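Here our numbering is used: the first residue of the sequence shown is -1, the next is one more, and so on. Where a beta carbon is used, it is the ideal one built from N, C-alpha and C, also for glycine. These figures come from a predicted structure and were not determined experimentally.
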Amino acid sequence: MMLPGTTRPIVPPDFANPLPVGCMDISLSSYFLMVHKLENLSIHNVRDMNHHLKSSNVLFFWNSCNGQEVSQEAEFSLDAKPRNHFFPSRLVPRIPGKKRQLISVQKYFETKYNIALSYPNSPLFREPSGSLYPIECVYVRIRLF
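Following this line, the structure appears as structure tokens:
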């Protein structure tokens, strides 16, 4: 499996191998493309996606760019999207005497991980800590049976 828009493989978490019988690893974007569109969603659609995810047999989530686990309490953001959510980052050089520059989540993932996001207008996946992830970069392990 490859990171979106690259030829780099996804990074599974160390604790995730081997894949148990009856389970599947899939990106959140692929999973939700089966049941929803992903971009320019209404608040109602985003809430439906959160409800669907909470009622699924999810074992864990992880960031496929670095293999780090994502909180089980994470859910889709009602307002933040990769293209329009900005935050201060060390990836953007600081101009002396000025505050740290802001970078969009989309630009951050393009710069740090060299990936092209396929769904820049989709909801971000937000952890309670405030970390935000594009949905094509989050993988989920689901128990099918």
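Roughly how many whole angstroms lie between the Cα atoms of E37 and P132? Numbered from its first residue, the sequence shown carries residue 37 at position 39. Numbered from its first residue, the sequence shown carries residue 132 at position 134. Straight-line Cα distance between these residues: approximately 12 Å.
Would you mind sorting M32 into buried or exposed? The rule is 16 or more other CB atoms within 10 Å of its CB. Position 34 of the sequence shown, counted from the first residue, corresponds to residue 32. Counting Cβ neighbours within 10 Å, M32 comes out exposed, since fewer than 16 surround it.
Determine the direct distance from the alpha carbon of D46 to that of R141, and round the result to whole angstroms. Here the question's residue 141 lines up with position 143 in the sequence shown. Here the question's residue 46 lines up with position 48 in the sequence shown. Approximately 20 Å between the Cα atoms of the pair.
Roughly how many angstroms lie between the CA atoms of L57 and R139, to the nearest whole one? Position 59 of the sequence shown, counted from the start, is the residue given in the question as residue 57. Position 141 of the sequence shown, counted from the start, is the residue given in the question as residue 139. If I take the Cα positions, the gap works out to 5 Å.
Going by DSSP, what residue range makes up the alpha helix (DSSP H) through R45? Within the sequence shown, numbered from 1, the residue matching residue 45 stands at position 47. 41 to 52 is the span of the alpha helix (DSSP H), which, as asked, contains R45.
6 Å Cβ shell around R98 - same chain, five flanking residues per side excluded: Here residue 98 corresponds to residue number 100 of the sequence shown, with the count starting at 1. Cβ neighbours of R98 beyond the five flanking positions: P86, R92.
If F123 and L1 are in contact, beta carbons under 8 Å, what's the gap, nearest whole angstrom? The residue given as residue 123 occupies position 125 in the sequence shown. The residue given as residue 1 occupies position 3 in the sequence shown. The Cβ separation is near 16 Å, so there is no contact.
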